[in-house]
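Everything on this sheet refers to the single structure shown next.
2 protein chains.
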Amino acid sequence: MSYNLNVQQLSIRPATERDHDAIWKIFQAVVSTGDTYAIDPDISREDALAYWFAPKSHTYIAEAGRKILGTYALRTNRASGGSHVSNAGFMVAPAEHGRGIGRTMAEHCLNEARRLGFTAMQFNFVISTNEHAIRLWKNLGFAIVGTLPGAFRHPTKGFVDVYVMFRQL
Amino acid sequence: MSYNLNVQQLSIRPATERDHDAIWKIFQAVVSTGDTYAIDPDISREDALAYWFAPKSHTYIAEAGRKILGTYALRTNRASGGSHVSNAGFMVAPAEHGRGIGRTMAEHCLNEARRLGFTAMQFNFVISTNEHAIRLWKNLGFAIVGTLPGAFRHPTKGFVDVYVMFRQL
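First to last, the protein sequences are chains A and B. When we follow this note's numbering, the leftmost residue of the first sequence carries the number 1, and every step to the right adds one. When we follow this note's numbering, the leftmost residue of the second sequence carries the number 1001, and every step to the right adds one.
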């Protein structure tokens, strides 16, 4: 099965400045649809990279051969008394969806979070129409711990709920 | 009653650079206890003011005569598809607690949020031991829409839950 083959070929490593072009390409494609992230679809390259590589973020890429297929950023969700809880964002190149790249990155991310000393992970803004992501997060042990009523204006579905998802590590 | 007198004397206006000293004094006093905000109790003046006056924030002060007794910052909680939901943070000088300053600022804030076109307000991180705040927010129409298990390390009570609170405007 190509699915398994691809995932096995996938390697994940910390992102460097040389990955900026590839990350920006994925980032732009992902946010351009405006239905999975509360990020301006017209965000500039500079702002996107500043967000994805924000101070104290751990940013990784997933690649097969030399082709970058996905990226994720892991960070502290809150400072000080909240700093044991991590947060992460994941993006997969749209053409590569359904090949297990998101799951492979998420499993890597959970391990990295543990390694960095985090004891929990929180997703602050999981849009309820993003069924693929919700199924994946539930499958990886996350629970919906909050529902933000109508907190996202979906480009075609109107105002939809948003979930806060959480798991201990 | 001094309570009512004080509240009636309270006026609220947008903060200016000349208020920075007073705001920093309140900010520092509030975060120094480390039990109500997930903010480093040793945060620098520069970082504190950068946070409180972050781009696109609407920052106000409450004063009686020329004495600044409280401050709040109102902003968009999320960009783009989430930008109809506002977020706000409130700080009252510790010596002035219990005089209704928080409530007066919050009512002002809800009106400002409506005026600015927001249709909801969300508090992302209400620490469950902060009973005074929770009672006030409930009284002002906010509901607990999420519970983040053990998401705050309280300086004396250990890991405690954190609430996400929300109301439509």
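C-beta: ideal position from N, C-alpha, C; glycine also.
Boundaries of the beta strand (DSSP E) around residue 11 of chain A: 10-14. The criterion of a C-beta distance shorter than 9 Å is satisfied by residue 1165 of chain B and residue 1143 of chain B. Annotation: the segment 18-101 of chain A contains the following complete segments of the beta strand (DSSP E) (minimum length 3 residues), in chain order: 58-64, 67-76 and 85-92.
Exclusion of the five residues before and after residue 149 of chain A leaves 161 as the residues of its chain whose Cβ lies within less than 7 Å of its Cβ.
Across the structure, residue 1056 of chain B and residue 123 of chain A are spaced so that their CA atoms are roughly 24 Å apart. Listed along chain B, the residues sitting closer than 8 Å to residue 147 of chain A by beta-carbon distance are 1145 and 1146. Listed along chain A are 148, 149, 150 and 151, each with a C-beta nearer than 9 Å to that of residue 1120 of chain B. Under the criterion of beta carbons closer than 8 Å, residue 1146 of chain B and residue 1163 of chain B qualify as touching, at roughly 7 Å. With contacts defined by Cβ atoms closer than 9 Å, residue 60 of chain A and residue 135 of chain A do not form a contacting pair. The C-alpha of residue 1081 of chain B is placed about 5 Å away from the C-alpha of residue 153 of chain A.
Contact annotation: in the segment 1077-1106 of chain B, residues whose CB is within less than 9 Å of a CB in chain A are 1077, 1078, 1079, 1080, 1081, 1082, 1083, 1084 and 1085. Residue environment: residue 1115 of chain B is assigned as exposed (fewer than 16 neighbouring CB atoms within 10 Å of its CB, all protein chains considered). The secondary-structure analysis by DSSP pairs residue 140 of chain A with nothing; it has no beta-bridge partner. Pairing residue 52 of chain A with residue 90 of chain A gives a Cβ-Cβ distance that is not under 9 Å. In the displayed model, residue 124 of chain A falls within a strand according to three-state DSSP. Burial is judged here by how many other beta carbons sit within 10 angstroms of a residue's own beta carbon; residue 42 of chain A has fewer than 16 and is exposed. Excluding five sequence positions before and after residue 1058 of chain B, the CB atoms of its chain that fall closer than 8 Å to its own CB belong to 1014, 1073, 1074, 1075, 1112 and 1116, given in chain order. In the three-state reduction of the DSSP assignment, residue 1148 of chain B falls in the strand class, which pools E and B. Residue 118 of chain A is bridged by DSSP to nothing; it lacks a bridge partner.
In this model, residue 1064 of chain B and residue 1009 of chain B are separated by some 6 Å (Cα to Cα). For residue 1034 of chain B, the chain A residues whose C-beta falls within less than 8 Å of its own C-beta are 80 and 81, listed in chain order.
Approximately 21 Å separates the beta-carbon atoms of residue 1049 of chain B and residue 1101 of chain B; this is outside 8 Å, ruling out the contact. When only Cα atoms are considered, residue 120 of chain A and residue 128 of chain A end up about 22 Å apart.
If you check the CB distance, residue 78 of chain A and residue 1054 of chain B do not come in under 9 Å.
Note on residue 1016 of chain B: under 16 other CB atoms within 10 angstroms of its CB, so exposed under the neighbour-count rule. In the DSSP assignment, the residues bridged to residue 165 of chain A are A:123 and A:144. Remark: C-beta atoms of residue 118 of chain A and residue 84 of chain A approach each other more closely than 9 Å. Check the Cα spacing between residue 159 of chain A and each of A:94, A:34, A:21 and A:71: the tightest is with A:34. Any Cβ of chain B closer than 9 Å to the Cβ of residue 130 of chain A would place that residue at the interface, and such an atom is absent.
Residue-level contact check: residue 1159 of chain B touches chain A, since one or more beta carbons of chain A fall below 9 Å from its beta carbon.
Straight-line spacing of the CA atoms in residue 36 of chain A and residue 1098 of chain B works out to 42 Å.
When the five nearest sequence neighbours on each side are left out, the beta carbons in the same chain lying within less than 7 Å of the beta carbon of residue 1020 of chain B are those of 1049, in order along the chain.
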